[in-house]
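Using numbering that gives the first Met the number 0, read the sequence shown as starting at 0 and increasing by one per residue. Just so you know, even glycine gets a beta-carbon here, dropped at the ideal spot from N, CA and C.
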Amino acid sequence: MKKQDIKKAYPLIPPQEMIQFMLKYSFFHKQVTQIPESIIVTRRIDFDLMKKALNIEIERNDCLRLRFFKDHGKIMQYFLDEYRLDDVPCYEFKSKEEQDSVLTADAQKPVRMLKGETFRFKFFKTSDGRYGIYINVHHLVMDNAACFVFFNDLLAIYEHLETGAPMPKPLGSYEDRIIKELAYIADKENLKKEEEAYTEYITRNGEPLYLGAEGPVLLEAERKKKKDPSIMAPSLFDPIHDKAELTKRAISPEESKKIFDFMDRNGVSGECLVQLAMRLHISKINGRHDDTYFITLCPRRRTISEKRSGGTVTAPLPWRVKLPEDITFADALGRMAAVQAWAFRHMDYPYMEYRDLQRRLFNYPAAAGASTMMFSWFPLSESTMNNWEYEYTGYSLGRYIMVLYTFAMRDVHTGRLKISYLHRTKFVSLENIDALHEGTAKALSLGVANPEMKLGEIIDRL
Numbered sequence: 000m001k002k003q004d005i006k007k008a009y010p011l012i013p014p015q016e017m018i019q020f021m022l023k024y025s026f027f028h029k030q031v032t033q034i035p036e037s038i039i040v041t042r043r044i045d046f047d048l049m050k051k052a053l054n055i056e057i058e059r060n061d062c063l064r065l066r067f068f069k070d071h072g073k074i075m076q077y078f079l080d081e082y083r084l085d086d087v088p089c090y091e092f093k094s095k096e097e098q099d100s101v102l103t104a105d106a107q108k109p110v111r112m113l114k115g116e117t118f119r120f121k122f123f124k125t126s127d128g129r130y131g132i133y134i135n136v137h138h139l140v141m142d143n144a145a146c147f148v149f150f151n152d153l154l155a156i157y158e159h160l161e162t163g164a165p166m167p168k169p170l171g172s173y174e175d176r177i178i179k180e181l182a183y184i185a186d187k188e189n190l191k192k193e194e195e196a197y198t199e200y201i202t203r204n205g206e207p208l209y210l211g212a213e214g215p216v217l218l219e220a221e222r223k224k225k226k227d228p229s230i231m232a233p234s235l236f237d238p239i240h241d242k243a244e245l246t247k248r249a250i251s252p253e254e255s256k257k258i259f260d261f262m263d264r265n266g267v268s269g270e271c272l273v274q275l276a277m278r279l280h281i282s283k284i285n286g287r288h289d290d291t292y293f294i295t296l297c298p299r300r301r302t303i304s305e306k307r308s309g310g311t312v313t314a315p316l317p318w319r320v321k322l323p324e325d326i327t328f329a330d331a332l333g334r335m336a337a338v339q340a341w342a343f344r345h346m347d348y349p350y351m352e353y354r355d356l357q358r359r360l361f362n363y364p365a366a367a368g369a370s371t372m373m374f375s376w377f378p379l380s381e382s383t384m385n386n387w388e389y390e391y392t393g394y395s396l397g398r399y400i401m402v403l404y405t406f407a408m409r410d411v412h413t414g415r416l417k418i419s420y421l422h423r424t425k426f427v428s429l430e431n432i433d434a435l436h437e438g439t440a441k442a443l444s445l446g447v448a449n450p451e452m453k454l455g456e457i458i459d460r461l
């Protein structure tokens with residue numbers, strides 16, 4: 000489409016600016032800003048009918064009609080009035096290995112959003128007779144919450160076409176959300192209030208200390224290199240050496256059941272519980288420091304319309320928590336929940352503003368950061384994909400900007416707690432990941448079995 004034919008164009012909103020910023024730390028590997036994932040269902044799918052459902056979904060879900068262009072070096076976006084897919088590639092895989100190879104290869108091929116490509120779809124049949132839908136979408140178009148909305152709505156449309164079931168309720172408008180976000184940041188008073196709140200929050204316990212999943216190795220190397228033992232936040236980003244592996248691990252079915260029962264019985268969120276267990280391992284391998292700092296992704300969807308909306312509105316939120324060893328596991332969960340509530344109340348402050356605030360407060364160089372990892376809890380349940388029986392899979396990008404991004408979920412296909420670790424191999428080894436996973440599993444087992452156990456006792460047994 001020619002620029003003069005575009006009716007209305009918008010600048011990127013803050014969550015999208017954060018995504019675009021990631022490209023600065025991956026010079027040659029643009030796939031760091033896309034989301035490749037699939038769902039596999041046991042129910043038979045007619046792929047011709049599913050393609051029809053997909054084109055209806057494109058009509059209903061405006062983020063799928065989002066396109067981008069550069070105007071004087073600035074990324075702008077607009078919505079197509081209509082768009083249809085003429086063809087979707089279909090595969091029939093002869094083995095799990097072939098399936099993983101083909102889909103991972105696509106996952107690591109950049110989605111060229113400035114050349115009119117914002118997503119790729121594939122349909123496939125697995126070697127064990129199930130049916131799959133794969134999407135690889137640019138992160139400026141969707142976040143993970145939007146992907147789950149997409150899959151849920153697509154399957155409901157397919158069911159309508161196949162069985163005559165009612166059409167799903169309309170989706171929320173991403174364009175409306177863009178307009179709302181731009182109005183929020185245009186009011187400088189909003190940003191001023193949030194800057195004050197974040198300044199008090201992040202300086203309350205002094206400057207954060209980087210506590211790595213690899214132990215103190217990276218921090219000590221930085222201190223030695225710069226001959227400065229006071230460095231608290233090492234340089235974590237290397238735009239050239241950004242090779243990353245996606246290592247997937249799972250807790251045993253027996254232990255997973257105990258964990259999920261504990262969550263359901265006590266109203267504990269997976270975000271709080273899994274992060275707490277990880278923080279105990281991180282504390283143990285870093286001199287038992289009790290001040291842990293993760294960046295946790297928040298979907299930022301409040302209303303029903305927003306929860307049924309596509310688009311990228313997710314934001315990284317700082318979860319900094321002091322966990323003294325003399326408090327109990329249950330008390331620590333309470334502290335985690337309090338931090339979660341604070342972060343949710345302040346989730347509209349743009350992450351790029353917060354990043355600049357940290358640099359001013361702590362005099363950070365451009366590539367420095369104190370957080371251990373980025374963390375996501377995917378709130379998947381049996382009903383997430385319109386009540387279809389399904390298996391969810393994410394794929395390795397092969398490259399990433401952060402040292403470690405961990406995401407955890409309840410795997411409804413196996414009933415297990417599954418944790419995936421996207422780690423830059425230059426900094427965090429497979430051995431580091433195995434140790435982190437083992438420590439997390441042990442801390443979960445001990446904590447849910449005896450929530451009155453002191454944190455120090457748990458750390459002693461890790």
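- For the 9 Å CB-CB criterion, R42 and Y133 do not form a contact.
- For I239, no alpha helix (DSSP H) encloses it, and the DSSP letter there is neither H nor E.
- Here the alpha carbons of H345 and K192 stand approximately 10 Å from one another.
- One thing to note: Q107 has its Cβ no nearer than 9 Å to the Cβ of S419.
- Burial is judged here by how many other beta carbons sit within 10 angstroms of a residue's own beta carbon; F374 has at least 16 and is buried.
- Look at N135 here: in three-state DSSP terms it is strand.
- The Cβ neighbour count for D61, taken over all protein chains shown within 10 Å, is at least 16; the residue is labelled buried.
- Per DSSP, the continuous alpha helix (DSSP H) segment holding D99 begins and ends at 95-106.
- Ranking K283, P238, G446 by CA distance to the CA of K425 puts P238 first.
- Excluding sequence positions up to five before and after I178, its CB lies within less than 8 Å of the CB of Y9, all in the same chain and listed in chain order.
- Nearest in C-alpha terms to A196, of all of P349, M231, E388, is P349.
- Taken through DSSP and simplified to helix, strand or coil, E253 comes out as helix.
- Cα atoms of N265 and A331: separation of roughly 14 Å, rounded to the nearest angstrom.
- By the Cβ rule, the stretch 406-420 counts as touching the stretch 248-257, because three or more pairs are nearer than 8 Å.
- DSSP places P315 inside the beta strand (DSSP E), whose first and last residues are 314-321.
- Residues S282, K321, L322, P323, E324 of the same chain have their beta carbon placed closer than 7 Å to that of D289, with the five preceding and five following residues left out of the count.
- Ranked by how close their Cα comes to the Cα of W376, the residues N431, A369, L296, I55 have L296 in first place.
- The C-beta of T302 has fewer than 16 other C-beta atoms within 10 Å across all chains shown, which makes the residue exposed.
- The alpha-carbon separation between L461 and T202 amounts to approximately 30 Å.
- M384 counts as buried, since no fewer than 16 other beta carbons sit within 10 angstroms of its beta carbon.
- For the options G397, L403, E270, the alpha carbon positioned closest to that of F343 is the one of E270.
- Annotated three-state conformation of M401 is coil, per DSSP.
- Check the Cα spacing between P14 and each of L403, K6, D99, N143: the tightest is with N143.
- The DSSP-derived three-state label of F67 is strand.
- Annotation: the continuous beta strand (DSSP E) that includes K73 extends over 73-78.
- C-alpha of G393 to C-alpha of I34: approximately 8 Å in a straight line.
- Measuring C-alpha to C-alpha distances from E206 to each of V101, E97, P233 identifies P233 as the nearest.
- Per DSSP, G163 lies in no alpha helix (DSSP H) segment and is marked neither H nor E.
- Counting only residues of its own chain and dropping the five nearest sequence neighbours on each side, F261 has a CB closer than 6 Å to the CB of V447.
- With a 10 Å radius around the Cβ and a threshold of 16 neighbouring Cβ atoms, T405 comes out buried.
- For P298, the number of other beta carbons within 10 angstroms of its own is at least 16, and it is reported as buried.
- Here R409 carries a strand assignment [DSSP, helix/strand/coil].
- A Cβ-Cβ separation of about 34 Å leaves I458 out of contact with V31 under the 8 Å criterion.
- The Cβ atoms of T198 and L360 sit closer than 9 Å to each other.
- Within the DSSP secondary-structure output, V40 pairs in a beta bridge with Y130, Y389.
- With contacts defined as CB atoms closer than 9 Å, F78 and R59 fail to qualify as a contacting pair.
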